[in-house]
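Residue numbers (full-length UniProt numbering): 1 to 285.
Backbone N, C-alpha and C fix where the C-beta goes; we use that ideal spot for every residue, glycine too.
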């Protein structure tokens with residue numbers, strides 16, 4: 001498959017799969033391009049056709065819908081591919097935000113790419129990034145995780161792998177499980193600073209900031225709305241210093257065939273020190 005064949009706007013005989021974000025709360029978050037795309041395509045593959053119909057009615061969009069959700073994904077993909085290959089344009093959207101992230105869509109995207117069907121993503125509302133930029137937690141670097149596994153053993157394994165990540169982490173959670181999830185985060189990551197963002201872009205949008213312990217107390221009192229949880233990075237863990245003097249560590253590497261500069265760099269890294277400090281020690285400065 002060539003780069004030209006994969007170009008979204010290159011001439012092609014098939015239809016195009018458009019990935020269309022929808023509002024996460026406030027209908028004004030819908031972009032002009034998203035509205036035009038939903039009006040222009042032949043079919044909308046929606047996570048919940050009843051929910052999407054409300055959006056379509058608001059913007060007076062009359063395009064036909066077809067359901068595409070986690071329970072019919074495998075059965076629906078061949079049907080949607082056939083329509084795309086026949087020249088129809090399809091817009092895929094979830095109930096809220098960007099499709100394919102925590103909602104159905106990634107399987108259809110993969111299948112379309114394998115079938116050499118153009119895939120065009122539209123930018124738009126995203127709960128995770130919306131919460132992150134107003135959280136007060138340093139936004140770079142960050143990682144998006146989404147919903148944790150439901151099983152406690154799987155949660156523990158995931159959090160053990162995330163514990164040493166030196167970046168903000170974004171999680172999603174429902175109001176029914178947010179207190180339990182906060183407790184799991186505290187147990188697995190430690191009592192870090194965190195932010196709960198609820199009802200983003202809606203009338204009762206709220207940011208609750210504090211330690212995970214404080215947020216657990218808040219959530220236990222009873223909460224409503226969909227949540228984004230932003231957890232701050234943990235304190236960096238300094239590498240354990242070797243009992244062997246730095247100069248001897250460098251000399252051992254040099255004796256083993258390393259160049260002095262490379263040996264100094266390696267010793268500095270393994271001891272969590274600046275290269276200049278090891279250089280001075282090795283040369284007796």
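Contact fails between the region 112 to 123 and the region 155 to 162, because fewer than three Cβ pairs, one in each stretch, are under 8 Å apart. The beta carbon of residue 215 sits closer than 7 Å to those of 182, 194, 196, 208, all from its chain and outside the five residues before and after it, given in chain order. Here residue 278 is near residue 268, since their CB atoms are less than 8 Å apart.
Of the candidates 256, 270, 248, 248 places its Cα closest to the Cα of residue 284. Between residue 87 and residue 14, the CB-CB gap stays under 8 Å. Distances from the CA of residue 44 to each of 148, 83, 24 were compared; the closest alpha carbon is that of 83. Under the DSSP assignment, residue 66 falls in the beta strand (DSSP E) whose first and last residues are 65 to 67. If the five residues before and after residue 96 are omitted, its C-beta is found closer than 7 Å to the C-beta atoms of 22, 23, 24, all from its own chain and listed in chain order.
For the pair of segments examined, the region 56 to 70 was found to touch the region 28 to 48: the number of CB pairs separated by less than 8 Å reaches three. Apart from the 5 residues on each side of it in sequence, residue 266 sits with its Cβ closer than 8 Å to the Cβ of 253, 258 in its chain, given in chain order. Approximately 6 Å separates the beta-carbon atoms of residue 231 and residue 192; this is inside 8 Å, confirming the contact. Residue nearest to residue 126 within the set 50, 243, 33, 20 is 20 (criterion: CA-CA distance). If you look at residue 242, you'll find it isn't in any alpha helix (DSSP H); DSSP assigns it neither H nor E. DSSP, read as helix, strand or coil, puts residue 223 in coil.
Taking C-beta atoms under 8 Å as the contact rule, residue 212 and residue 185 qualify, at a distance of about 6 Å. Partner residues in the beta bridge of residue 97, as assigned by DSSP, are 22. Selection 92, 133, 26 evaluated against residue 203 yields 26 as nearest (Cα-Cα). Nearest to residue 38 by alpha-carbon distance, out of 49, 56, 29, is 56. Residue 226 places its beta carbon less than 8 Å from that of residue 174.
Within the same chain, 89, 118, 120 come within 6 Å of residue 16 by CB-CB distance, once the 5 residues on both sides are set aside.
DSSP places residue 263 within a helical segment (H, G or I) once states are collapsed to three.
Counting every other CB atom within 10 Å of its CB across the protein chains shown gives residue 178 a total of 16 or more, marking it as buried.
Nearest to residue 73 by C-alpha distance, out of 108, 92, 48, is 108. Taking C-beta atoms as the reference points, residue 169 and residue 128 fail to come closer than 8 Å.
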